[in-house]
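Peer 1: Let me give you the structure first, and then I'll get to my questions.
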Amino acid sequence: MFDVSQGAKTLIEVRGLKMYFPIYAGVFRRHVGDVKAVDDVSFDIYEGETLGLVGESGCGKSTCGRAILRLYDITAGSITINGREIGKESQAGLRKLRPTMQMVFQDPQASLNPRMTLEGIIGEPLLEHTDMDRTQRRARVHELMDAVGLNRRFSNRYPHEFSGGQRQRIGIARALALNPKFIVCDEPIAALDVSIQAQVVNLLEDLQKQFGLTYLFISHDLSMVRHIADRVAVMYLGKVVELSARESLYNEPLHPYTKALLSAVPEPDPDLEAAERVILQGDVPSPANPPAGCNFCTRCPAVMEICHREDPAFREVLPGRFVACHHYNDMNVSNETADETGS
Amino acid sequence: MPDGASKVLDVQNLNTIFQTRSGEIHAVNNVSFDLEEGELLGVVGESGSGKSVTMMSLIRLLPSPPAEIRAGKVMFDGLDLLKIDDDKLRDIRGARIGFIFQDPMTSLNPVFTVGFQLREPLMRHMGLNKKQANKRAAELLEMVGIPAASARLKDYPHQFSGGMRQRVMIAIALACDPEVLIADEPTTALDVTIQAQILELIKELRQKLGMAIIWITHDLGVIAGIADRVMVMYGGQVVEEAPVRELFKNPQHPYTKALLKTVPHVRGERAERLEVIEGQPPILGGAPTACPFRERCPVAIDICARENPALHVTGPRHAAACHLVAPAREEAHV
Amino acid sequence: MKLKSTLLGAAAAIALASSALAGSHEAQGRDGQLNIIYWQAASILNPYLSGGNKDIDASALVLEPLARYDENGNMVAWLAEDIPTVENGGVAEDLTSITWTLKEGLVWSDGTPVTSADVVFTANYCMNEEGGCQQLAGFADIGSVEALDDRSVKITFTKPKPFPYSALVGSTMPILQQEQFKDCVGVNAPNCTAENFGPIGTGPFMVEEFKANDTVVYVANPNYRDGGKPAFGRVTFKGGGDAASAARSVLETGEFDYAWNLQVDPTVLAQMAAAGKGTVVSAFGTGVERLMVNLTNPDPALGDKRSTLEGGPHPFLTDPAVRRALSLAIDRNLLAEVGYGEAGKATCNVVPAPAIYVSTANDECLVQDIAKANAILDEAGWMPGPDGIRQKDGVRLSILYQTSTNAVRQDTQALVKQWWSEIGVETELKNIDAAVFFGGDQSSPDTFQKFYADIEMYTNLFDGTDPEAYMGSWVCSEIPSPANNWLGSNMPRYCNPEYDALAEKLATTAALEDRAAIVKQMNDMLMQEGAMIPLVHRGSVSAHANSLEGVRLNVWDSQMWNVADWSRAK
Amino acid sequence: MLNYTLRRLMFSVPVLLFISFIIFLILDLAPSDPTGNLPLTIPPEVREKIRTSLGLDAPMWVRYLLWCKQFFINEPLNIWDQWRGTCSFNCEDRLRVVSYVTRSPVVDLIVERMPQTLWVVGMSYVVGILIAIPIGVISAYKQYSVFDQAGTFISMVGFSVPPFFSGVLVIVIFSVQLGWFPSIYDTTLEVVDWETFKMQVKQMIMPVMVLALQTTAQISRFMRASMLDNLNQDYVRTARAKGLKESVVLLVHVLRNSLIPVVTVIALGVPAVFGGAIITEQVFKVNGIGQLLIIGIQGGDAPLVQTLTFIFAVMIVFANLIADILYGILDPRIRYD
Amino acid sequence: MTDTSEITEEKARSQWADVWSQFRSHRGAMIGASFFIFICLLVIFGPMLWPIEPNFIDIRAKNQGPSLAHPFGTDQLGRDTFAQVLAGGRVSLLVGVTAMGLALFLGTFIGVLAGYFKRLDSPLMRLTDLFLALPILPLLLVIIMLFRDTLRAAFGPETGIFLLVVFVIGITSWMHTARIVRGDVLSLKEQEFVLAARSIGTPSHRMILRHILPNVMSPIMVSATLGIATAIITESAISFLGLGFPSDFPTWGRLLSDSTNFMTLNPERVIWPGLAISLTVLSVNYIGDGLRDALDPRIRGR
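Pasting the structure below:
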């Protein structure tokens, strides 16, 4: 559906994004360190594509998504949306830009104000950013409800009267209200039942086609990401360790972590009993105190001596394939290509 | 049913309801199944399908009120667990039937050390004194793969990571060498890499200890990798039951079929578009008089709205509850 | 013991003699424990540093004056040999000095002798300006105090004093031990906690333990001059709570033997007394609950001149007809009955006692006469307006009536308000916390001196039996105003040169009958000109257990005045 | 934890100083006068003189600084000297905080009042808690049962009846009608033998009863709510699944967790023990700290009120600190840093 | 799209409707609520039906027991107790409700500001701690002494004191509400719907009004009920200590403290105001209990 190598228009450009949460301790509450939730992350998202962002819980993928939308005041780095730098924009200035970038949240229960009706929830962006009157707003709300497959009769209902899948549709309708270009989907299916997940994913795909949307699809469900994303970024402990087009990543993962992650996914096929399963030992280290060298060196099955000393650079090692691992130190693509994707 | 394997647990016509202000909710309807020695029975279903309630009903763990076990029999070692008195049941809980819960974050008591919580069943059921119990507790932690086990006995649950905590839960459940282990979505709250660790661990322990396991999950992938036999639940009922390969290769019930299709894969073909089950999961209510799946069923017929189908045997050890499934000729009960 | 009291009256002599005889044979402390409850707790045992009755009474068990008044208001010699008079030579002919002589063989409770030096010391202790002595008024016009010998002290006045007994007489001015207090003079006086909490005295008891604002425990003084007395070996003087519970503990539960100042609704008190454990006793002193009439204008619009002579006269209270009508509309007997029971009597005089000073010229007001009051107002041209309130020339008879917070006073206010409404006078009630009302604080608008109201009600009285200082309260110079920091005792702002002249005359008149005549004249003047409307002659109410004997309620002095004579009924 | 404690302690110093200043300011504004209770016959000059002798003519800030010096420097020194029997920094001339009314050092007065307040009010707090916890536990375990309903009702009655009413009521019943207990508390009673102990118990029963009713009412509500919260937790199910006896589940697992918030509530209530029983103290003439405060307020005794309220403030601040620290100790999940 | 006006929209039950249905099933709360409404109606309309002036003195009828003329008896001046209880109830309830309103307003205001604006959190919470650490009773007495006359002059004796008492109770009891609200706001701020509103660009004031306040209503309502009860009790304590309203201005607290001394003589006098206070507080507490249950989504789910 989208060919990466064609070098389409870059919609989002993230460079050196850092999001640190300070830790204070001691009698005088001194700043003793940071939780490095997102630590020097760079990538692009092309117009019309879906970039999947996968990783285990606590790896910083949600924080990354929120930081891109500037829901936080970021520690460092630049974020360019549609050619406009927003990394240092004030919250008031961001307000005008909000309509272009929206978000769909993980918990369909928690992301809807329980005290507001559907019409209020979906109409809120319109109220904030347009000068529609009540009837116009209602018409637009109905339109949006149709678009996400909700019966317009329900517009006066409250969120608790809906099932999880329907609530997620409400959230999507709200995100669509202002005709955004870019939507961050923060684990939109994680809290849904298996039989509903497919409905929501299909809806997202349909809407993308219909409105020409660009998605950052954050998920820990590797199989769902494989389905929806065009390119996939894998995060580990605040850093992107691998970024590739979907098929190449799933068929031939480069980073040891990606390999382990993929092999850990249980396949719903009893005959496919994974023979070459890589089982990672131990837990993810704390982002407040990451190991020296490569973040993954504590669990890496292919760890080398250099990994404990040096943090591998995130580089394009094959055309369109970026990875941060010392195993690929001797691989390199030409500078021209590198410039094009801008790592 | 292969000969020689005897049933450790035999559940017949279990009915559990919840009393609410808006009336009775039938959470478990006429559920029957059995568990053989050393077998791993996978129970699949979406949230609200009644799988957890069924398992908790077995050892009467549901708070009553509002829960009430209306009818049924749970035969374990010649005893009906639903009939025996509370003291006898307590002797069985934790000693002969172990339980692992979904959320390792909340299932351990935050204010007691892991050692204390591990010692409790040991001292209660095996009559060990504190010293012996401590020794055994350290062994158990080691068995579930916790490094520096005896030192960590003094730690509190919050000092463990999620995966480690689930290992502690497993150690507690296995403390008294139970004959049956009931695992209620034990890996749902964990990351895939940790889930893989736990699955490995369970496989290993199963070989070593040989207990029968009931494994509840909504993840078909997990089931495919670990179960011997699978039971699919929907709307408080068992809709299909079969050995694992049989179920994945030859699903009979429309729900099972659809479910298998909606799940995307990491390997193999990538479908351009996912199959979907239209509609919403059923909202439980009064006693079911119709097939709970009928509203989402692509092949529903008139009778589905009038009559709740019973489980029909459709093949060797394979049964499904659907009006459209032709009953096999054998009269074997599953 | 030799009885050597010179008396101004005869009755007390007999009483004293009999009680002295009764106790003379038996051992001290034979009756064990005596429990006294004061619902206001004693905070200090030095009367020179406290004006509170509770403190004076608590110290009266220990400290004694040269002379004091008995229950009939007669002066009796106490530590003094006798009462000095001009006749016996104790008082100089020109009334400028008085010489007191101590009884022989007096000893302090620590065994050391009481000498005239102690008396001189005590006088100087109080007269030290820096000591903040609260009884300084009693030492007014004293030039010097000197010891003539071991037992005689001569007090010299700066001008002739027809009544020379004000200093060192009565429980408010007992003799302190020089040895104990010698370092506590002047600025140090308040800081001598140990001394002020445990004075050494000549009285029947000694302080064993003092807990400020709570309890005092006394034991019998082994060196007490009257052998065999006191009958009680130990006294607990408990404080705290409220009058009703104090009454209950004596009358109903019998936990205590004596309770003081029982300002309780008379019905309740009567019911408690019916329990049969104790007896309610009452006696009348000079206290009169009265309405003070503001003769100046308290209109807030006047600002600084509010309630001062400069602010001009009151819009309607200066009309004698109004004042008379207000007075006539009140049923004083009912007020007395409802609020005070046995301990209250209707009165129309500001000097209700002693009998010699009491005028009968004003008794018209003893009977309530609403009709007459209405008639007076009609005649004076005050006609009911559309709202039923009388008015004349646009002035409405609307009164702000203030007093301190106290259940009985609020009942009185409610009753008066109702009666006045019957004669077409509107009343707004206001009650102020006693601490503020009587507080004298410059910044508070609510003090009784500022009198930012039309009518205010409180009780005033004079200590002892001589009303000279008391009558002097209503001379022109005593009018409170910003000029004198609102300090002054002439609340009604009554100013009459004739009255001032009478006050002058009283100060130089010595003969009792003449003095009485002048006082009556002044009293009538105040009444008839309506500067105040007396309501009730208030007595003291106390209760004692039926098993307690020897209680003689004294309103002229401390109620503990004869505690040495108290004993347990057999 | 130590860091946290230190930080909190450090922080409490400016807070307390600020509070002491506020209290001083408010008291200074109040229209009460130490000479207010003097008899009317006292001439105005004498009143003025008394005011001067009490230092009331000095400006507000001078008096505040003086109080600070007396309270923060002189009084601790005095305690030290009394304890060690020494006399440091010329103890003879040391000015202490002196009450206007009794003219004795305020701290001595407070120390004198401590025993009865601790006996009665403290005991009632303990008794109240001891009754409240089982009531709370049973009410929660048998939610909506007859016991729960009755417990709810009684505790709400306890909460809603003012002590000036319930106090007099028990006096009328038990002292007047039945004659079982004395209606007036004897502060001079010293417990030396069995007899005096019996008397002490007798005179304590009624005030303790009245006060404990209120404590019980509040704490049992808390306990019940906290138990209910915990009874729904997953770990309770785990404990049951382990086959533990219901009593163990309830009294070990649930109770221990439920006590955490309750213990902090109890710690927070301690300052109220000293000041909150004013009305009850008045009814039974216990003459403790509360009565001292009321007398001080009525008598315009600024140093007494200032010192006493400040001590209350100190206790409140420290009770807060202790409650937080207790929370940290009782709940291993909480780590302050 | 189609003309929307033709589509009939379903009127759905809001959560408050759910709360109400849950509340209705709480027996104690329903009894409490009906009693509270009964009491309110009685004190509002009672004086119209019972025309005896509460301050009318009929000295011949003093200290009477219940009779047809005086169903609750009379006091020591012969005033009708029933009329006084009715009049007192008006004041006590009004004090309770208004003081609670003030405390809630302050508490919510400060709690929301502290919880929502990180920069205000520390100063505002210190302020709250400060107020918690200020000994309330002396403060209360002093404030009453200080301001009583200014207010009396400005609003008249009754309204002035009323405002003062309400103010004093309100200003000394907002702290717990503030703490609870702050805690709730802090956790609400982490909720995704607030994040969602932020991603829309909702400015802070609308965020608070639209998303925060409606969702902290439940703890506020529970503390409201407790607040009414506490305010009524505090007023009675102030009356007992002799501060508060003018003496001829009945409140339940004053009636009760005035009549304690007559307990043995004339028990009805104590019983009625006592019963009125206790039952009102009780009913309000039960309402609070019911509300707490009804507002708890966990319980409501059952």
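Chains as they are written, first to last, in my numbering: chain A, 1 to 343; chain B, 1 to 334; chain C, 1 to 570; chain D, 1 to 337; chain E, 1 to 302.
Ideal Cβ positions, reconstructed from N, Cα and C, are used throughout, including at glycine.
Please read all numbers here as calculations on a predicted model, not as lab measurements.
Return the Cβ separation of E:A61 and E:G78 in integer angstroms, given the expectation that the two are a contact with Cβ distance under 8 Å.
Peer 2: Position 61 of the fifth sequence holds residue 61 of chain E. Position 78 of the fifth sequence holds residue 78 of chain E. The Cβ separation is near 4 Å, so the contact holds.
Peer 1: For D:L6, go through chain A and note every residue whose CB falls closer than 7 Å to its CB, in chain order.
Peer 2: Within the fourth sequence, numbered from 1, the residue matching residue 6 of chain D stands at position 6. Per Cβ cutoff of 7 Å: V27.
Peer 1: Beta strand (DSSP E) containing C:S97: first to last residue?
Peer 2: Locating residue 97 of chain C in the third sequence gives position 97, counting from the first residue. Note, C:S97: beta strand (DSSP E), 97-101.
Peer 1: CB A:K181 to CB A:T258, shorter than 9 Å?
Peer 2: Looking up residue 181 of chain A in the first sequence gives position 181. Looking up residue 258 of chain A in the first sequence gives position 258. Result no, Cβ atoms of A:K181 and A:T258 do not sit closer than 9 Å.
Peer 1: Whole angstroms is fine: what's the gap from A:R152's alpha carbon to A:Q168's?
Peer 2: For this step, residue 152 of chain A is matched to residue 152 along the first sequence. For this step, residue 168 of chain A is matched to residue 168 along the first sequence. So the alpha carbons of these two residues sit roughly 16 Å apart.
Peer 1: Does the segment 30-49 of chain B come into contact with the segment 238-247 of chain B, if we say contact requires no fewer than three beta-carbon pairs (one atom in each stretch) closer than 8 Å?
Peer 2: With the cut-off at 8 Å, the segment 30-49 of chain B and the segment 238-247 of chain B touch.
Peer 1: By a C-beta neighbour count over all protein chains shown, 10 Å radius and 16 as the cutoff for buried, is C:V350 buried or exposed?
Peer 2: The sequence position of residue 350 of chain C within the third sequence is 350, counting from 1. Classification of C:V350: buried, given that the 10 Å Cβ count is 16 or more.
Peer 1: Measuring only the C-alpha atoms, how far is C:S109 from C:P230?
Peer 2: If you number the third sequence from 1, residue 109 of chain C lands on position 109. If you number the third sequence from 1, residue 230 of chain C lands on position 230. Near 13 Å, if we compare the C-alpha coordinates of C:P230 and C:S109.
Peer 1: Taking C:L317 as the reference, which of C:I98, C:L295, C:E468 has the closest Cα?
Peer 2: Walking along the third sequence from the start, residue 317 of chain C turns up at place 317. Selected option, being the one with the closest Cα: C:L295.
Peer 1: Within the continuous beta strand (DSSP E) that includes B:P104, where are the two ends?
Peer 2: Residue mapping note: residue 104 of chain B aligns to position 104 of the second sequence, counting from 1. Looking at the DSSP string, B:P104 is not in any beta strand (DSSP E), and its letter there is neither H nor E.
Peer 1: On a Cα-Cα basis, can you pick out the residue from C:Y224, C:C184, C:Y452, C:A147 that is closest to C:V120?
Peer 2: Start at 1 with the first residue of the third sequence, and residue 120 of chain C comes out as number 120. Here the closest residue by C-alpha is C:A147.
Peer 1: If you compare alpha carbons, which of A:V41, A:Y20, A:V38 is closest to A:H32?
Peer 2: Here residue 32 of chain A is taken as the residue at index 32 of the first sequence, counted from 1. For the record, residue 32 of chain A in the displayed sequence is Val; it is not His. Minimum Cα distance to A:V32 is reached at A:Y20.
Peer 1: Residues of chain A with CB closer than 8 Å to the CB of E:P219, please, in chain order.
Peer 2: Stepping through the fifth sequence from its first residue, residue 219 of chain E is reached at position 219. Result: empty, since nearest Cβ-Cβ is about 14 Å, beyond 8 Å.
Peer 1: How long is the line joining the alpha carbons of C:D242 and D:K142, rounded to whole angstroms?
Peer 2: Numbered from its first residue, the third sequence carries residue 242 of chain C at position 242. Numbered from its first residue, the fourth sequence carries residue 142 of chain D at position 142. Taking the straight line joining both Cα atoms gives about 45 Å.
Peer 1: What three-state label does DSSP hand A:E119 in the structure shown?
Peer 2: Stepping through the first sequence from its first residue, residue 119 of chain A is reached at position 119. If DSSP states are grouped into helix, strand and coil, A:E119 belongs with the helices.
Peer 1: Please report the straight-line C-alpha distance between D:W67 and D:D301, rounded to a whole angstrom.
Peer 2: To locate residue 67 of chain D, count along the fourth sequence from 1; it is residue 67. To locate residue 301 of chain D, count along the fourth sequence from 1; it is residue 301. The straight-line gap from Cα to Cα measures roughly 13 Å.
Peer 1: Buried or exposed for B:S6, please, with buried defined as at least 16 other CB atoms from any protein chain shown within 10 angstroms of its CB.
Peer 2: Residue numbering aside, residue 6 of chain B sits at position 6 when the second sequence is read from its first letter. Answer is exposed; the Cβ neighbour count stays below 16.
Peer 1: Look at the Cβ atom of C:C348, then the Cβ atom of C:M527, and state whether they are nearer than 9 Å.
Peer 2: Along the third sequence, one-based indexing puts residue 348 of chain C at 348. Along the third sequence, one-based indexing puts residue 527 of chain C at 527. Their beta carbons are under 9 Å apart, which means C:C348 touches C:M527 by this criterion.
Peer 1: For A:Y24, is the classification buried or exposed, using 16 other Cβ atoms within 10 angstroms of its Cβ as the cut-off for buried?
Peer 2: As a first step, residue 24 of chain A must be located in the first sequence, where it is residue number 24. Exposed, since its Cβ has fewer than 16 Cβ neighbours within 10 Å.
Peer 1: Given that D:M1 touches chain A, what residues does it touch there, using C-beta distances under 7 Å?
Peer 2: Residue 1 of chain D sits at position 1 when you count from the first residue of the fourth sequence. Under the 7 Å cutoff, chain A gives no residues; its nearest Cβ is about 12 Å from D:M1.
Peer 1: Go through its chain and collect everything with a Cβ distance to D:I279's Cβ below 7 Å, but skip five positions before and after it.
Peer 2: Stepping through the fourth sequence from its first residue, residue 279 of chain D is reached at position 279. Closer than 7 Å at the Cβ level, and outside the excluded window around D:I279, lie P163, F164.
Peer 1: If we cut at 9 Å on Cβ distances, does D:T280 have a partner in chain B?
Peer 2: Counting from 1 along the fourth sequence, the entry for residue 280 of chain D is found at position 280. Chain B, which has no Cβ nearer than 9 Å to the Cβ of D:T280, makes this no.
Peer 1: Going by beta-carbon coordinates alone, are C:G539 and C:G287 separated by less than 9 Å?
Peer 2: Position 539 of the third sequence, counted from the start, is the residue given in the question as residue 539 of chain C. Position 287 of the third sequence, counted from the start, is the residue given in the question as residue 287 of chain C. It is a contact, given that the beta carbons lie within the stated cut-off.
Peer 1: Quick check on the burial criterion: 16 or more other C-beta atoms within 10 angstroms. Buried or exposed for C:G312?
Peer 2: Looking up residue 312 of chain C in the third sequence gives position 312. The residue in question, C:G312, is exposed, as its Cβ has fewer than 16 Cβ neighbours within 10 Å.
Peer 1: Please identify the residue among C:S50, C:T267, C:A60, C:V358 whose C-alpha is closest to the C-alpha of D:S99.
Peer 2: As a working mapping, residue 99 of chain D is identified with position 99 in the fourth sequence. Checked all of C:S50, C:T267, C:A60, C:V358; the closest Cα to D:S99 is C:S50.
Peer 1: Could you say which of D:G136, D:G158, D:Y327 lies nearest to D:D148 if we only look at CA atoms?
Peer 2: The count along the fourth sequence starts at 1 and reaches residue 148 of chain D at position 148. Checking every option, the nearest Cα to that of D:D148 belongs to D:G136.
Peer 1: Determine, using beta carbons only, whether B:T193 comes closer than 9 Å to chain A.
Peer 2: Sequence index remark: in the second sequence, residue 193 of chain B carries index 193 (1-based). Judged by the 9 Å Cβ criterion, B:T193 is in contact with chain A.
Peer 1: Looking at C:S329: is its Cβ nearer than 9 Å to the Cβ of C:A212?
Peer 2: Here the question's residue 329 of chain C lines up with position 329 in the third sequence. Here the question's residue 212 of chain C lines up with position 212 in the third sequence. For the record, residue 329 of chain C in the displayed sequence is Ala; it is not Ser. Going by C-beta atoms, C:A329 is not nearer than 9 Å to C:A212.
Peer 1: Take the Cβ of B:N13 as the centre, count every other Cβ of all protein chains shown within 10 Å, and call the residue buried at 16 or more, exposed below.
Peer 2: Along the second sequence, one-based indexing puts residue 13 of chain B at 13. Its Cβ having fewer than 16 others within 10 Å, B:N13 is exposed.
Peer 1: For a test of the three-state rule: what should DSSP assign to C:H537, helix, strand or coil?
Peer 2: Within the third sequence, residue 537 of chain C is the residue found at index 537, counting from 1. C:H537: strand per DSSP, three-state reduction.
Peer 1: Return the CA-CA distance between A:Y72 and A:G238, expressed in angstroms with no decimal places.
Peer 2: Taking the first residue of the first sequence as 1, we reach residue 72 of chain A at position 72. Taking the first residue of the first sequence as 1, we reach residue 238 of chain A at position 238. Spanning the two alpha carbons is a distance of roughly 16 Å.
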